[in-house]
Amino acid sequence: MQHDFAHHHEAMRQLHSPHQNLRPAGVDIDLIVLHAISLPAGEFDMQYIEALFLGALDCHAHPSFEDLSGLQVSAHFVVDRQGIISQFVATEHRAWHAGLSSWQGREACNDYAIGIEMIGDEQRPFTAAQYRETARLCRRLMQRYPAISTERIVGHKDIAPDRKWDPGIQWDWQHFHRSLERIRRYRDIILA
Ligand SMILES: [Zn+2]
39 MQHDFAHHHE AMRQLHSPHQ NLRPAGVDID LIVLHAISLP AGEFDMQYIE
89 ALFLGALDCH AHPSFEDLSG LQVSAHFVVD RQGIISQFVA TEHRAWHAGL
139 SSWQGREACN DYAIGIEMIG DEQRPFTAAQ YRETARLCRR LMQRYPAIST
189 ERIVGHKDIA PDRKWDPGIQ WDWQHFHRSL ERIRRYRDII LA
């Protein structure tokens, strides 16, 4: 399974989530939503997150998973604690990460957003590799979809404030924006 970003990043893992469908015709992809996830809560392994997004989670594997039975969710990308990125849904398709949501008066963010899950919680800081690789990924997406400005990279909480907390208090937006800016300057030098 080769998704659209495979040729840009040889280290990116390519998987296929069944939890996806088509975006509305003619939609402009112009938003990135950052999330945080850990399964079970507080454990940072990829194994169960991957199973959840592939529709293959054994809901008896942990008591907390019973709540997840039948849940159909996905994200375009997951960034693990080492900064390794897995892609589950092609960016041209609609992943199911935002749920009931609205940004600047426009509802159903899944229609026009790209979802990136970062493995983490509100207890421990995200890793340097996650800031670097999430920024690199966002920069590549911004080049491919020019309507995504820095201001249009938001958190799940920003688009669903009554329901969601993520990416949460450990996600340092200033650190992330510095990483994003550094990559832009680096690219400018390379291209000069
Ligand atoms: Zn989320």
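All residue numbers for the sequence shown refer to our numbering, where the first residue is 39 and numbers rise by one. We treat Cβ as the ideally placed atom computed from N, Cα and C, and that holds for glycine.
{"query": "Does the Cβ-Cβ distance between residue 72 and residue 193 come in under 9 Å?", "result": "yes"}
{"query": "Would you mind stating whether residue 77 and residue 92 have Cβ atoms separated by less than 9 Å?", "result": "no"}
{"query": "Do residue 88 and ligand 1 come close, with the Cβ less than 8 Å from some heavy atom?", "result": "no"}
{"query": "In the DSSP output, which residue or residues are listed as bridge partners for residue 73?", "result": "155"}
{"query": "Does the beta carbon of residue 151 fall short of 8 Å from some heavy atom of ligand 1?", "result": "no"}
{"query": "Can you find a heavy atom of ligand 1 that lies under 8 Å from the Cβ of residue 204?", "result": "yes"}
{"query": "What is the rounded straight-line gap between the Cα of residue 129 and the Cα of residue 114?", "result": "6 Å"}
{"query": "Below 8 Å on the Cβ atoms is my guess for residue 175 versus residue 157; work out the distance and round it to an integer in Å.", "result": "No, residue 175 and residue 157 are not in contact; Cβ-Cβ is about 14 Å, not under 8 Å."}
{"query": "Report the three-state DSSP secondary structure of residue 125 (helix, strand or coil).", "result": "strand"}
{"query": "Relative to the C-alpha of residue 84, which candidate in 104, 68, 126 and 62 has its C-alpha closest?", "result": "126"}
{"query": "Identify, in the order they occur along the chain, each residue of the same chain with its Cβ nearer than 6 Å to the Cβ of residue 160, setting aside the five sequence neighbours on each side.", "result": "206, 207 and 208"}
{"query": "Roughly how many angstroms separate the alpha carbons of residue 212 and residue 163, rounded to a whole number?", "result": "14 Å"}
{"query": "Under 8 Å: does the beta carbon of residue 75 sit that close to some heavy atom of ligand 1?", "result": "yes"}
{"query": "CB of residue 155 to nearest heavy atom of ligand 1: below 8 Å?", "result": "yes"}
{"query": "What residue range is occupied by the uninterrupted alpha helix (DSSP H) comprising residue 168?", "result": "166-182"}
{"query": "Please name the residue, chosen from 199, 108, 168 and 54, that lies closest to residue 131 on a Cα-to-Cα basis.", "result": "54"}
{"query": "For residue 170, I'd like the list of residues in its chain whose CB is within less than 7 Å of its CB, leaving aside the five on either flank, ordered along the chain.", "result": "121 and 217"}
{"query": "Whole angstroms are fine: how far does the CA of residue 57 sit from the CA of residue 138?", "result": "16 Å"}
{"query": "Can you grab the Cα-Cα spacing for the pair residue 111 / residue 94, in whole Å?", "result": "11 Å"}
{"query": "One question on the structure: do residue 51 and residue 152 come within less than 9 Å of each other, judged by their Cβ atoms?", "result": "no"}
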